RNA sequence: GCUCGAAUGGUGGAAUGGUAGACACGAGGGACUUAAAAUCCCUUGGCCAUUAGGCUGUGCGGGUUCGAGUCCCGCUUCGAGCACCA
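In our numbering, the protein residues as written are 4 to 926.
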C-alpha cells in the first residue's frame with residue numbers, strides 16, 4: 004500500500020468535520036488557551052502559499068496545546084469590509100456583498116484543504132449584521148463616554164453633564180479637543196445644540212473639525228496609518244490635507260496607557276518599538292512667551308527647556324491661530340502672501356521640498372528668562388498638529404532652527420561649552436552650559452540634563468509654564484465616505500447628532516443604485532432611499548473604516564452567537580484574552596493600536612476583564628516570490644539558457660514558475676504557455692534550459708504566484724504544512740521555493756514505509772529497546788522545546804533524524820511508534836491520524852496525551868570528548884559519562900596524541916567541561 | 001537623521017561560550033532498469049595532498065577568554081519602523 008495523500012487527507016478531513024472534533028466549549032475543568040490568527044481580508048486573488056504560513060504555525064501550536072491538556076479556542080473568520088470589493092463594485096455594479104461572499108467561499112475551500120483545526124462554528128464575518136451590531140454598539144458607548152484624567156479611565160458622559168450643571172467647566176478633569184471655560188449658569192442656559200457641541204469636545208467618539216488625509220482618487224479620508232509618505236497605502240494615490248467635519252475616536256486619551264501596557268506584553272522588541280515610535284511620547288515643558296505691546300501670550304512646547312537663553316526668534320505654523328492675532332499691519336500683506344503660497348502645496352510637496360521659507364510677522368516676544376526681545380516668524384517647518392503649533396527657536400542646538408537662522412540672518416548663540424556652531428548646529432544633549440545667565444536663573448556650568456530639570460522647576464515656580472508630556476499619537480478619524488462599511492447608528496435630530504437605541508441595532512447597510520458619491524458630492528449612502536429614522540430624521544451618510552470591525556473581533560469569537568452582548572461575562576471570564584496571536588507586522592500601527600485602545604475602553608466599562616487583548620504576539624515573516632526568467636535574444640524568438648546568456652544581447656522575461664522545475668524550463672509547456680512562444684527556439688546547456696531567478700514580491704504580474712491548492716493536490720496538505728515550516732524561522736521573511744519540497748515529501752513516504760512493508764502493517768507489541776527509547780525521548784525533548792520556542796524548522800529535522808534512526812533500528816514497537824505519531828500530529832495531522840487508526844486506535848489522535856519526557860532514557864553511558872591544545876581540537880576520547888573531571892583529565896593526558904602535543908612543553912592548565920571538551924593549555 | 005533587527009557553503013538554513021556548516025535542496029559519482037521515472041548507497045565550505053593528513057574558514061577591524069558564529073567596543077552593507085515631532 005502506497006502513501007496516498009489524496010485519499011487519506013480527504014477521508015480524515017471529512018471525519019473531523021462529521022465528528023465535530025474541533026468544536027470547543029467552555030470547560031471549567033480544563034485550563035483554557037486561546038490561539039488566534041489575524042483574520043484575512045478575502046481578496047479576489049485567493050490564497051497564495053504565503054498566506055497560510057502563520058495559520059499553519061498557529062495550528063501546530065493549537066494542536067500541541069490540546070495534546071498538552073488545554074481547552075483550546077482556535078477560531079477563524081473574515082475581515083470582510085474593504086476597498087477592493089467596493090472598487091470592483093464601482094467598476095462592475097456587482098454588489099460588494101456578492102463578491103465578498105464568493106471570495107469567502109473560495110478562501111474557505113482553500114483553507115479546508117490544509118487541514119486546520121479551526122472551530123468553524125465560531126466563524127465571524129465583519130460584514131454580518133449579527134457581528135457589526137456590536138461594532139455599532141461599541142461606537143455608541145464611545146459616544147456616551149468621556150475620558151476622565153483623575154480616574155484615568157472612561158466614564159459616562161452623563162456624569163460630566165451633572166458636573167457641568169453644578170460647577171461648569173471649572174476644575175473639570177477630562178481629556179478634550181480644546182480647553183473650554185464656562186460657568187454652571189452658562190451651561191444651564193445653553194441650547195440643546197450648544198450643549199451637544201460642547202460635549203463633542205469631550206466624548207470619546209466625537210464629531211470634530213479636523214485636518215484629515217483626503218484621498219481624492221478614492222474619494223475618502225484615510226487614517227494616519229493608512230497613509231505612508233504622502234500616498235495611500237492601498238493603491239498609492241496622492242493624499243492631501245483638508246479640514247473636514249468628521250467622526251473621530253479619542254485614541255490620544257489612551258496614549259500613556261497604550262505605552263505602559265507594552266511593558267508586560269510578550270511581543271517582539273521591534274514591534275513594541277514600532278508602537279512606541281508611533282505613540283511618540285516626549286517629555287518637555289509648555290512655556291509662555293509674552294508678545295510685546297499686546298496682552299497675548301504665545302504658548303510653545305519644548306523638550307529642551309535648558310536652551311531658553313539661546314532662543315533668538317520664535318516660529319509659528321502657518322495654520323496657527325496666533326498668526327492673525329499678532330501680525331502687525333505693516334507685515335499683513337507679506338504674511339498673507341506667504342500663507343497663500345503654502346496652501347497651494349500638498350503635504351507631500353511640503354515634505355519633499357525642504358527649502359527654507361518663512362516670513363516675519365512684525366511682532367516681538369519677550370524671552371521670559373533673559374528678558375530680551377526676539378522676533379516672531381511664520382514658517383511651514385513648524386507643524387500645526389504637534390504641540391501648540393508654535394516653537395521657540397534655538398538655532399545653535401537644533402538643525403532646523405539653524406538652517407532657518409542662517410537663511411534669514413538671525414543670531415545664533417551657542418549654549419554648550421566647546422560646541423562649534425560655525426558650520427552646523429550642535430544637537431547632542433550633553434555638555435556643560437554656557438551663556439545661560441539671566442536676572443533670576445543661572446544655568447552656567449550645569450550638565451544639560453540637570454539644566455533641563457532646573458529650568459522646568461524654575462518655570463513652574465514662576466508660573467511661566469508647566470511640565471508637559473506630548474504624544475505624536477493622534478485621534479483616529481473614523482468616518483469614511485464609502486459604501487462598503489458599517490453604517491453609523493447616528494441620526495441628526497434638528498441638526499444634533501443622536502445615537503440610536505440598542506434595540507434598533509443592527510442598523511442595516513442600505514441598498515444603493517450605484518456605489519459612487521452622489522451628484523452633490525455626498526457619500527454613497529446619500530443614494531439610499533428612505534435613509535431616515537421613522538420620525539424622518541436623516542441618518543449619517545458616512546460609514547466606518549476598516550479597522551472598526553477588526554478591533555474587537557477576538558472578543559466575539561468567545562461567544563459568537565450571543566445576541567444580547569458582544570461577549571457574555573461568563574465567556575469573557577473563561578477565555579479572558581488571546582494567549583497567542585500570530586500575524587503580519589504590517590498591522591503594527593493600525594489594527595494592533597486600535598484593538599488595544601478598543602479593548603482598554605471596554606475594560607474601563609467593565610465589559611472585559613483583561614486590560615490587554617493579546618498577551619503574546621508572533622509576527623510571521625513574509626513569504627516572497629521566487630521569480631524565474633528566460634532570456635530572449637533581442638529581435639528573435641530564440642531563448643538562451645541562463646549560463647550562456649552573457650554571450651548574447653538578451654532581454655530577461657518573467658516566466659510562470661509553475662512550468663519550471665528546479666530552474667529547468669519545461670519546453671513544451673513553455674511553447675503552449677502563450678501563443679507568441681509557440682515557435683520559440685532554444686539554445687540549451689547540457690540539453691536543458693536553465694532559467695535565471697530573482698526574489699520579488701509574490702504577485703501575478705511576476706508570474707511567481709504559487710497556489711497552495713496545487714501543492715496540496717500534488718504532494719498533500721501534510722507536505723505543504725511541513726514544508727512551509729521547514730522553509731526557515733517563522734519570524735523571518737523568505738522566498739518561496741518549491742524546489743525543496745521533495746525532501747519533506749520523501750520523509751512522509753519513508754515514515755509510511757516504516758509502518759507498512761509489502762502492504763502489511765509492521766507494528767508489533769514488542770517491548771521497545773533501549774535504543775528505541777533513546778531515539779524517542781530525544782525527540783520528545785527536542786520537539787517540546789522547539790514548539791514552545793516556535794522553532795518548527797528544527798523540529799522537522801529532528802523528526803527526520805529520529806525516523807532514520809528508528810528505521811535503522813528496525814523498530815516495530817507499538818509503544819514507540821504511537822508516541823512518535825502523537826509528536827508528529829500537530830505538524831502533519833492527516834498521516835498521523837491515519838497511521839494512529841491503522842494501529843487499532845479508535846479515538847482521534849487529537850485527544851491523545853502529549854508524551855512525557857524521561858531523562859533516564861537519553862542518558863549516555865559514555866561521552867565523546869574533544870581534546871584540544873590551546874583551544875585547537877586535535878583528537879577525541881571516549882570516557883564513561885559519570886567519570887569525574889579529574890579522571891577525565893588523566894585519560895586525556897594519557898592519550899598518545901597528548902604526548903605529541905605536550906612534548907617539550909609544560910602543561911599549564913587542563914580544563915574539563917563535563918561531557919563536552921577537554922582543553923589542555925601548554926607552553 | 002533617530003530607533004530596532006540581520007549578515008554562516010551553490011541554495012534554504014543548524015549550532016545553552018566548547019569538534020562550525022545539523023537537516024533539507026541542488027550538484028557529482030554509483031546501484032537497480034532496455035531506457036526514463038521512482039528508490040537506495042557514496043561524495044559535497046575552500047585550498048593543498050594519491051592516501052594518511054594538513055592549512056584555512058561564520059561581513060570588516062580590534063578586545064575579553066584556555067576557547068568566540070555566539071560576549072564587548074568600533075565600522076561596512078542590507079532590511080524594517082519613525083521622521084521638519086521642537
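No residue lacks a Cβ here, since even glycine has one placed at the ideal position from N, Cα and C.
These numbers come from a predicted model, not from an experiment.
- Identify, in the order they occur along the chain, each residue of the same chain with its Cβ nearer than 6 angstroms to the Cβ of residue 591, setting aside the five sequence neighbours on each side. Your numbering for residue 591 matches position 588 in the first chain. Counting only Cβ-Cβ distances below 6 angstroms, and skipping sequence neighbours, we find 274 and 277.
- Item | Nearest neighbour of residue 530, chosen from 514, 540 and 536 [CA to CA] | The residue labelled residue 530 in the question sits at position 527 within the first chain. If we check each option's Cα against that of residue 530, 514 comes out closest.
- Limits of the beta strand (DSSP E) - the one that residue 212 falls within: Translated into positions along the first chain, residue 212 becomes position 209. Note, residue 212: beta strand (DSSP E), 208–218.
- Item | Given residue 99 as reference, the closest of 516, 261 and 855 once Cα atoms are compared | Working through the first chain from its first residue, we reach residue 99 at position 96. Closest by alpha carbon: 516.
- Quick one: Cα of residue 2 to Cα of residue 75, how far? In the structure as shown, the chain starts at 4 and stops at 926, and residue 2 therefore has no counterpart that could be examined.
- Return yes when the Cβ of residue 239 is within less than 7 angstroms of the Cβ of residue 323, no when it is not. The residue labelled residue 323 in the question sits at position 320 within the first chain. The residue labelled residue 239 in the question sits at position 236 within the first chain. For the 7 angstroms CB-CB criterion, residue 323 and residue 239 do not form a contact.
- Query: Could you give the distance in angstroms between the alpha-carbon of residue 588 and the alpha-carbon of residue 689?
  - Reply: The residue you call residue 588 lines up with position 585 of the first chain. The residue you call residue 689 lines up with position 686 of the first chain. Here the alpha carbons of residue 689 and residue 588 stand approximately 44 angstroms from one another.
- Task: Write down the C-beta distance between residue 851 and residue 825 rounded to the nearest angstrom, noting that I regard them as a contact closer than 8 angstroms.
- Result: For the purposes of this step, residue 851 is taken as residue 848 along the first chain, with counting starting at 1. For the purposes of this step, residue 825 is taken as residue 822 along the first chain, with counting starting at 1. 5 angstroms between Cβ atoms; contact.
- Item | Other residues of its chain near residue 339: CB distance less than 6 angstroms, five sequence neighbours each side excluded | As a working note, residue 339 is residue 336 in the first chain. The same chain holds no residue with a CB closer than 6 angstroms to that of residue 339 once the five nearest residues on each side in sequence are set aside.
- Task: Would you mind giving the Cβ-Cβ distance between residue 665 and residue 616, rounded to the nearest angstrom? I have them listed as a contact below 8 angstroms.
- Result: Looking up residue 665 in the first chain gives position 662. Looking up residue 616 in the first chain gives position 613. So it is not a contact: roughly 45 angstroms between Cβ atoms.
- Item | residue 144 classed as buried or exposed, judged by whether at least 16 other C-beta atoms fall within 10 angstroms | On the first chain, position 141 is the one that residue 144 refers to. By the neighbour-count criterion, in which a residue is buried when 16 or more other Cβ atoms sit within 10 angstroms of its Cβ, residue 144 is buried.
- Considering only C-alpha positions, which residue in the set 784, 181, 521 and 555 is nearest to residue 599? By 1-based counting over the first chain, the position of residue 599 is 596. Taking the Cα of residue 599 as reference, the smallest distance to any Cα among 784, 181, 521 and 555 is reached at 555.
- Buried or exposed: residue 527, going by 16 or more other Cβ atoms within 10 Å of its Cβ? Taking the first chain and counting its residues from 1, the one referred to as residue 527 is at position 524. Counting the other CB atoms within 10 Å of its CB gives residue 527 a total of 16 or more, which places it among the buried residues.
- Item | Alpha-carbon spacing of residue 315 relative to residue 378, whole angstroms | Counting from one through the first chain, the residue named residue 315 turns up at place 312. Counting from one through the first chain, the residue named residue 378 turns up at place 375. If you take the alpha carbons of residue 315 and residue 378, they lie about 8 angstroms apart.
- Which residue's Cα is closest to the Cα of residue 612: 633, 574, 626 and 583? Taking the first chain and counting its residues from 1, the one referred to as residue 612 is at position 609. Comparing alpha-carbon positions, the option among 633, 574, 626 and 583 lying closest to residue 612 turns out to be 574.
- Item | Contact belief for residue 693 with residue 644 at Cβ below 8 angstroms, rounded distance in angstroms | Along the first chain, one-based indexing puts residue 693 at 690. Along the first chain, one-based indexing puts residue 644 at 641. Contact between residue 693 and residue 644 holds: their C-beta atoms lie close to 5 angstroms from each other, under 8 angstroms.
- Between which two residues does the beta strand (DSSP E) carrying residue 273 extend? Indexing the first chain from 1 puts residue 273 at position 270. Residue 273 -> not in any beta strand (DSSP E); alpha helix (DSSP H) instead, spanning 272–282.
- Task: Could you give the DSSP three-state label for residue 232: helix, strand or coil?
- Result: Taking the first chain and counting its residues from 1, one reaches residue 232 at position 229. Coil.
- Item | Residue environment, residue 229, which counts as buried when at least 16 other CB atoms sit within 10 Å | Position 226 of the first chain holds residue 229. Residue 229 should be labelled buried.
- To which residues of the same chain is residue 88 closer than 7 angstroms at the C-beta, ignoring the five residues directly before and after it? The residue you call residue 88 lines up with position 85 of the first chain. Excluding sequence neighbours, residue 88 sits near 99, 102, 103 and 487.
- How do the region 114–127 and the region 157–173 stand: do at least 3 beta-carbon pairs fall below 8 angstroms, yes or no? Fewer than three pairs of CB atoms, one per stretch, sit closer than 8 angstroms, so the region 114–127 makes no contact with the region 157–173.
- Message: Could you check whether the region 533–548 touches the region 467–483, counting it as contact only if at least three pairs of C-beta atoms, one from each stretch, sit closer than 8 angstroms?
- Response: The region 533–548 and the region 467–483 touch, with no fewer than 3 CB-CB distances between them shorter than 8 angstroms.
- Do the CB positions of residue 560 and residue 78 come within less than 7 angstroms of each other? Residue numbering aside, residue 560 sits at position 557 when the first chain is read from its first letter. Residue numbering aside, residue 78 sits at position 75 when the first chain is read from its first letter. Yes, the pair counts as a contact, with Cβ atoms nearer than the cut-off.
- Member of 319, 342 and 367 whose CA lies at the smallest distance from the CA of residue 386: For the purposes of this step, residue 386 is identified with residue 383 of the first chain, where counting begins at 1. Nearest C-alpha to residue 386: 319.
- Message: Check this for me: beta carbons of residue 921 and residue 910, under 7 angstroms apart or not?
- Response: On the first chain, residue 921 is found 918 positions in, with the first residue counted as 1. On the first chain, residue 910 is found 907 positions in, with the first residue counted as 1. For residue 921 and residue 910, no; Cβs fall outside 7 angstroms.
- Message: For residue 212, tell me which candidate among 194, 569, 249 and 777 has the shortest Cα-Cα distance.
- Response: Counting from one through the first chain, the residue named residue 212 turns up at place 209. The residue from 194, 569, 249 and 777 with its alpha-carbon nearest to that of residue 212 is 249.
- Query: Assuming residue 828 and residue 70 make a contact with CB atoms under 8 angstroms, what is their CB distance in whole Å?
  - Reply: Indexing the first chain from 1 puts residue 828 at position 825. Indexing the first chain from 1 puts residue 70 at position 67. Sure, about 7 angstroms apart at Cβ, within 8 angstroms.
- Message: Rounding to the nearest angstrom, what Cα-Cα distance links residue 674 and residue 680 in this structure?
- Response: Along the first chain, read from residue 1 onward, the residue named residue 674 stands at position 671. Along the first chain, read from residue 1 onward, the residue named residue 680 stands at position 677. If you take the alpha carbons of residue 674 and residue 680, they lie about 5 angstroms apart.
- Contacting residues, own chain, Cβ-Cβ under 6 angstroms from residue 446 (five flanking each side not counted): For the purposes of this step, residue 446 is identified with residue 443 of the first chain, where counting begins at 1. Closer than 6 angstroms at the Cβ level, and outside the excluded window around residue 446, lie 436, 439 and 454.
- Task: Go ahead and label residue 857 buried or exposed: buried means 16 or more other beta carbons lie within 10 angstroms of its beta carbon, across all protein chains shown.
- Result: Here residue 857 refers to the residue found at position 854 of the first chain. By the 10 Å Cβ count, residue 857 comes out exposed.
- Item | N- and C-terminal bounds of the alpha helix (DSSP H) containing residue 939 | With the chain represented from 4 up to 926, any question about residue 939 goes unanswered, as that position is not in the structure.
- Distance, residue 847 Cα to residue 557 Cα: Translated into positions along the first chain, residue 557 becomes position 554. Translated into positions along the first chain, residue 847 becomes position 844. Roughly 28 angstroms between the two C-alpha positions.
- Query: Quick one: is residue 718 buried, meaning 16 or more other Cβ sit within 10 Å of its Cβ, or exposed?
  - Reply: On the first chain, position 715 is the one that residue 718 refers to. Answer is buried; the Cβ neighbour count reaches 16.
- Message: Taking 7 angstroms as the threshold (C-beta atoms), are residue 209 and residue 179 in contact?
- Response: Counting from 1 along the first chain, the entry for residue 179 is found at position 176. Counting from 1 along the first chain, the entry for residue 209 is found at position 206. For residue 179 and residue 209, no; Cβs fall outside 7 angstroms.
- Message: As an exercise, report each continuous beta strand (DSSP E) stretch of at least 3 residues that is fully enclosed by the region 438–524, in chain order.
- Response: Runs of the beta strand (DSSP E) spanning 3 or more residues and lying entirely within the region 438–524 occur at 468–473, 493–496 and 499–502, in chain order.
- When we look at the beta-carbon of residue 255 and count the other beta-carbons within 10 Å, is it buried (16 or more) or exposed? In the first chain, the residue the question calls residue 255 occupies position 252. So residue 255 counts as buried.
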